[in-house]
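Novice:
2 protein chains.
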Amino acid sequence: MLQLSRAQIEGLVTVDATSAEAVRDAYVAITDGRANLPPVGHLGFPQANGDCHIKYGHIAGDEVFAVKIAAGFYDNPAIGLPSSTGVVLVFSARTGQLEALLNDEGYLTDLRTGLGGAVASLALCRPEAREVLIVGSGTQAYWLARAFAALSDMRVSIWGRRPERAAALVARLGESGVTAAVAPDLEAACRRAEVIVTATPATEPLVRAAWVQPGCHITAIGADGPGKQELDTDLVAKADLCVADLLSQSLDHGEFAHARAAGLIAAADCTELGAVLSGRAKGRRRAEDITIADLTGVATQDIAMARCVLARAKGGNQP
Amino acid sequence: MLQLSRAQIEGLVTVDATSAEAVRDAYVAITDGRANLPPVGHLGFPQANGDCHIKYGHIAGDEVFAVKIAAGFYDNPAIGLPSSTGVVLVFSARTGQLEALLNDEGYLTDLRTGLGGAVASLALCRPEAREVLIVGSGTQAYWLARAFAALSDMRVSIWGRRPERAAALVARLGESGVTAAVAPDLEAACRRAEVIVTATPATEPLVRAAWVQPGCHITAIGADGPGKQELDTDLVAKADLCVADLLSQSLDHGEFAHARAAGLIAAADCTELGAVLSGRAKGRRRAEDITIADLTGVATQDIAMARCVLARAKGGNQP
Numbered sequence: 010m011l012q013l014s015r016a017q018i019e020g021l022v023t024v025d026a027t028s029a030e031a032v033r034d035a036y037v038a039i040t041d042g043r044a045n046l047p048p049v050g051h052l053g054f055p056q057a058n059g060d061c062h063i064k065y066g067h068i069a070g071d072e073v074f075a076v077k078i079a080a081g082f083y084d085n086p087a088i089g090l091p092s093s094t095g096v097v098l099v100f101s102a103r104t105g106q107l108e109a110l111l112n113d114e115g116y117l118t119d120l121r122t123g124l125g126g127a128v129a130s131l132a133l134c135r136p137e138a139r140e141v142l143i144v145g146s147g148t149q150a151y152w153l154a155r156a157f158a159a160l161s162d163m164r165v166s167i168w169g170r171r172p173e174r175a176a177a178l179v180a181r182l183g184e185s186g187v188t189a190a191v192a193p194d195l196e197a198a199c200r201r202a203e204v205i206v207t208a209t210p211a212t213e214p215l216v217r218a219a220w221v222q223p224g225c226h227i228t229a230i231g232a233d234g235p236g237k238q239e240l241d242t243d244l245v246a247k248a249d250l251c252v253a254d255l256l257s258q259s260l261d262h263g264e265f266a267h268a269r270a271a272g273l274i275a276a277a278d279c280t281e282l283g284a285v286l287s288g289r290a291k292g293r294r295r296a297e298d299i300t301i302a303d304l305t306g307v308a309t310q311d312i313a314m315a316r317c318v319l320a321r322a323k324g325g326n327q328p
Numbered sequence: 010m011l012q013l014s015r016a017q018i019e020g021l022v023t024v025d026a027t028s029a030e031a032v033r034d035a036y037v038a039i040t041d042g043r044a045n046l047p048p049v050g051h052l053g054f055p056q057a058n059g060d061c062h063i064k065y066g067h068i069a070g071d072e073v074f075a076v077k078i079a080a081g082f083y084d085n086p087a088i089g090l091p092s093s094t095g096v097v098l099v100f101s102a103r104t105g106q107l108e109a110l111l112n113d114e115g116y117l118t119d120l121r122t123g124l125g126g127a128v129a130s131l132a133l134c135r136p137e138a139r140e141v142l143i144v145g146s147g148t149q150a151y152w153l154a155r156a157f158a159a160l161s162d163m164r165v166s167i168w169g170r171r172p173e174r175a176a177a178l179v180a181r182l183g184e185s186g187v188t189a190a191v192a193p194d195l196e197a198a199c200r201r202a203e204v205i206v207t208a209t210p211a212t213e214p215l216v217r218a219a220w221v222q223p224g225c226h227i228t229a230i231g232a233d234g235p236g237k238q239e240l241d242t243d244l245v246a247k248a249d250l251c252v253a254d255l256l257s258q259s260l261d262h263g264e265f266a267h268a269r270a271a272g273l274i275a276a277a278d279c280t281e282l283g284a285v286l287s288g289r290a291k292g293r294r295r296a297e298d299i300t301i302a303d304l305t306g307v308a309t310q311d312i313a314m315a316r317c318v319l320a321r322a323k324g325g326n327q328p
């Protein structure tokens with residue numbers, strides 16, 4: 010059994026065209042019938058302010074399948090531990106043998122989420138868009154900025170509720186060779202942005218419908234569970250195109266759940282990202298359209314990352 | 010992170026009173042409200058004749074929780090690999106950190122299933138019963154015989170569809186210091202048995218209602234998925250007491266599912282094993298009653314085994 014630490018995995022897979030292609034294919038697998046995706050498992054630890062999610066699945070044709078166990082224990086920082094942790098197990102899809110234990114501590118989730126945000130945004134924004142605003146200044150904002158820098162020539166601005174954290178993130182990005190600027194005012198930044206990506210744990214809308222200009226594309230990645238919301242419900246309702254990585258998840262507990270609960274959108278109004286990426290469904294139609302992608306996270310992405318790690322660990326370069 | 014191989018785990022936990030008590034408590038946890046047991050995850054690989062089950066959960070008060078990933082790939086023996094494989098991950102219930110990887114290759118499942126069969130049988134049979142018939146000659150029959158030998162003074166007989174396999178099992182048990190005899194004829198053996206434990210992959214009933222004498226207790230552990238059946242539906246219907254480890258599982262895809270589908274029993278006719286073990290529900294009432302326990306396997310048992318392993322690895326002796 011191959012066993013890799015976070016540092017080893019970081020050395021094998023990062024933001025580049027190969028891993029982006031793996032993530033892109035992971036979305037397409039959902040809509041072309043290749044993905045076997047059982048419901049996400051969940052275990053709550055209310056007394057410890059923690060929870061655990063188990064994401065697993067298989068993409069037809071893949072030689073491996075993956076089980077990701079990710080835990081969030083939100084009081085951990087007080088005792089010097091990270092709040093998020095994770096491990097990915099990779100098994101042979103032909104024999105069931107455990108092939109690898111990826112002790113990535115959540116790195117692969119961060120990576121695939123950042124890549125997914127950029128892949129979705131670049132597929133749905135106007136081709137000439139060059140201004141991306143990232144709303145949020147945490148780990149996910151870092152990986153989004155890295156992904157946009159690797160996959161596009163977008164100019165990156167970052168807004169954070171706490172400006173000093175946004176400034177620290179811009180400095181950290183600079184150390185990684187990525188140029189970004191702090192956006193001091195959220196409304197002004199939204200009005201200027203051609204692409205907005207929200208990556209916060211917000212439970213109340215941050216981005217108002219009135220701030221978003223025609224032609225803007227928004228990708229929301231923060232709302233991954235009940236009670237979370239980053240976009241004005243009116244913004245979702247007025248969008249010309251609503252795209253989700255996995256529609257059932259998005260409508261149940263993602264960003265689109267709120268507009269659906271309010272009766273403003275229905276499943277029939279939405280499209281899945283994989284169908285847009287593969288050309289089975291139409292993406293943006295007009296330059297002035299407002300488009301929204303809601304990404305709640307899907308096991309096919311984890312499988313794709315695990316496959317990338319294994320392929321590179323074995324000396325190849327293919328995902 | 011602690012990492013233990015099958016051989017190391019075998020050296021830490023085996024059939025004895027301590028592990029039996031842990032298994033007993035695991036059943037009680039289900040019925041006294043301590044167990045948080047999400048639905049079992051399942052992933053099928055029809056083209057490889059394989060499947061994968063993910064069992065996980067937490068027992069309130071436990072410092073750890075466990076995720077067991079068990080795969081069965083039934084064409085493996087043709088390429089020299091075991092058909093069953095498994096790994097148990099143990100996490101802190103206070104911080105979510107991965108504490109241990111138990112690469113037990115299914116050993117803990119075999120052990121807890123054997124112990125569970127003996128614990129259930131001894132709780133429900135007549136106190137003076139001394140003759141146990143094990144139907145089946147595979148790995149599970151071995152561990153059942155070991156468990157009965159460790160926990161009782163029952164005389165063990167073994168019937169197998171292929172007599173040479175039953176004889177080989179009896180020889181193997183002898184090497185482990187356990188005395189057992191081959192039962193050449195299933196009907197005659199059932200008519201004589203005071204306890205019958207079925208541990209086969211049968212998809213058609215093996216044990217007929219007419220063969221089972223008044224006062225007999227039967228524990229069925231083979232039917233752990235749709236399509237499997239070891240006991241005559243009439244036998245289940247005529248039993249005076251039907252007990253399941255987890256009633257929802259048993260009625261859905263365990264031994265009791267067939268009698269329920271035929272309209273012969275209902276959930277209200279059944280009791281859960283933990284309630285009997287803790288005294289909350291009545292077990293056997295009369296010496297002449299026929300009692301049946303159906304064990305489909307529950308994650309609390311896996312948690313209990315993982316807890317035993319960790320406790321002993323850390324130098325203690327408590328489960």
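Line by line, the protein sequences give chains A and B. Read left to right, the first sequence gives residues 10 to 328 (the working numbering). Read left to right, the second sequence gives residues 10 to 328 (the working numbering). Each residue gets a CB set at the ideal place from its N, CA and C atoms; glycine is no exception. Treat the numbers as computed from the prediction; the structure is a model and nothing was measured.
1) Run down chain A in chain order and give the residues with a C-beta less than 9 Å from the C-beta of I63 of chain B.
2) Taking Cβ to Cβ, would you say R33 of chain B is nearer than 7 Å to L286 of chain B?
3) Between A:I230, A:T188 and A:E239, which has its C-alpha nearest A211 of chain A's C-alpha?
4) I'd like to know whether the C-beta of L90 of chain B is nearer than 7 Å to at least one C-beta of chain E.
5) List the residues of chain B that L110 of chain A touches, going by C-beta distances under 8 Å, in chain order.
6) Might you give, ordered along the chain, the residues of its own chain that have their beta carbon closer than 8 Å to the beta carbon of P328 of chain B, omitting 5 neighbours on each side?
7) Under 7 Å, do T94 of chain B and Q106 of chain A count as touching if we go by C-beta distance?
8) Can you name the residues of chain B whose CB is closer than 7 Å to the CB of R316 of chain A?
9) With distances taken between CB atoms, is the gap from D84 of chain A to R15 of chain A smaller than 7 Å?
10) Just to confirm my understanding: we take F100 of chain A, look at its own chain, exclude 5 residues before and 5 after, and list those with CB closer than 8 Å. What are they?
11) Assuming K247 of chain B is part of the alpha helix (DSSP H), what are its boundary residues?
12) Assign C225 of chain B to one of three DSSP states: helix, strand, or coil.
13) On a CA-only basis, which of B:D233, B:R289 and B:A44 is nearest H267 of chain B? Give me that one, please.
14) Verify whether the separation of the beta carbon atoms of A290 of chain B and A296 of chain B is less than 7 Å.
15) Of all Cβ atoms in chain B, is any one closer than 7 Å to the Cβ of L13 of chain A?
16) Report the option in B:A176, B:D311 and B:E203 whose CA atom is closest to the CA atom of V221 of chain B.
17) Looking at chain A, which residues of the region 175-209 of chain B have a Cβ within less than 9 Å of any of its Cβ atoms?
18) Using 8 Å for Cβ pairs, my map puts V206 of chain B next to L153 of chain B. What's the rounded Cβ distance?
19) DSSP has H67 of chain B in a bridge; who is on the other side?
20) What residue ranges within the region 148-172 of chain A form continuous alpha helix (DSSP H) runs of no fewer than 4 residues, ordered along the chain?
21) Are there 16 or more other CB atoms within 10 angstroms of the CB of A275 of chain A, so buried, or fewer, so exposed?
22) Run through DSSP, which three-state label would P328 of chain A get?
23) Could you give the C-beta distance for A246 of chain A and C279 of chain A, rounded to a whole number, given that I count them as a contact under 8 Å?
24) When DSSP labels each residue in this structure, what does T27 of chain A get in the three-state scheme?
Specialist: For this structure:
1) By one-based count along the second sequence, residue 63 of chain B stands at place 54. Correct list: P47, G50, I63, Y65 and V76.
2) In the second sequence, the residue the question calls residue 33 of chain B occupies position 24. In the second sequence, the residue the question calls residue 286 of chain B occupies position 277. Result yes, Cβ atoms of R33 of chain B and L286 of chain B sit closer than 7 Å.
3) The sequence position of residue 211 of chain A within the first sequence is 202, counting from 1. The option with the nearest alpha carbon to A211 of chain A is A:E239.
4) Considering every chain present, this structure includes no chain E. Its protein chains are A and B.
5) Within the first sequence, the letter at position 101 stands for residue 110 of chain A. Here the neighbours are L110.
6) Counting from 1 along the second sequence, the entry for residue 328 of chain B is found at position 319. The predicted position of P328 of chain B is uncertain, since its pLDDT is 48 and thus under 50; no value can be drawn from it.
7) Position 85 of the second sequence, counting from 1, holds the residue named residue 94 of chain B. Position 97 of the first sequence, counting from 1, holds the residue named residue 106 of chain A. Cβ atoms of T94 of chain B and Q106 of chain A: closer than 7 Å.
8) For the purposes of this step, residue 316 of chain A is identified with residue 307 of the first sequence, where counting begins at 1. None at all; the shortest Cβ gap to chain B is about 16 Å.
9) Residue 84 of chain A sits at position 75 when you count from the first residue of the first sequence. Residue 15 of chain A sits at position 6 when you count from the first residue of the first sequence. In this structure, R15 of chain A does not lie closer than 7 Å to D84 of chain A by Cβ.
10) By 1-based counting over the first sequence, the position of residue 100 of chain A is 91. For F100 of chain A, where only same-chain residues beyond five positions count, the Cβ hits under 8 Å are V73, F74, A75, V76, Q106, L107 and E108.
11) As a position in the second sequence, residue 247 of chain B is number 238, starting the count at 1. Taken as a continuous stretch (DSSP letters only), the alpha helix (DSSP H) holding K247 of chain B covers T242 to K247.
12) Within the second sequence, the letter at position 216 stands for residue 225 of chain B. Coil at C225 of chain B, not helix or strand.
13) Position 258 of the second sequence, counted from the start, is the residue given in the question as residue 267 of chain B. When each option's Cα is compared against that of H267 of chain B, the closest is B:D233.
14) As a first step, residue 290 of chain B is located in the second sequence; it is residue number 281 there, counting from the start. As a first step, residue 296 of chain B is located in the second sequence; it is residue number 287 there, counting from the start. Contact flag unset, no.
15) Mapped onto the first sequence, residue 13 of chain A falls at position 4. Taking Cβ atoms only, chain B never reaches closer than 7 Å to L13 of chain A, which makes this a no.
16) Locating residue 221 of chain B in the second sequence gives position 212, where the first residue counts as 1. Residue B:E203 holds the alpha-carbon nearest to the alpha-carbon of V221 of chain B among B:A176, B:D311 and B:E203.
17) none
18) Your numbering for residue 206 of chain B matches position 197 in the second sequence. Your numbering for residue 153 of chain B matches position 144 in the second sequence. So it is a contact: roughly 6 Å between Cβ atoms.
19) Your numbering for residue 67 of chain B matches position 58 in the second sequence. According to DSSP, H67 of chain B bridges with B:N45.
20) 148-160
21) Position 266 of the first sequence, counted from the first residue, corresponds to residue 275 of chain A. With fewer than 16 other Cβ atoms within 10 Å, it is exposed.
22) Residue mapping note: residue 328 of chain A aligns to position 319 of the first sequence, counting from 1. Low confidence applies to P328 of chain A: its pLDDT is 48, below 50, so where it sits in the model is not reliable, and the reading given next is rough at best. If DSSP states are grouped into helix, strand and coil, P328 of chain A belongs with coil.
23) Position 237 of the first sequence holds residue 246 of chain A. Position 270 of the first sequence holds residue 279 of chain A. Not quite, the Cβ-Cβ distance comes to about 12 Å (not below 8 Å), so this is no contact.
24) Residue mapping note: residue 27 of chain A aligns to position 18 of the first sequence, counting from 1. T27 of chain A: helix per DSSP, three-state reduction.
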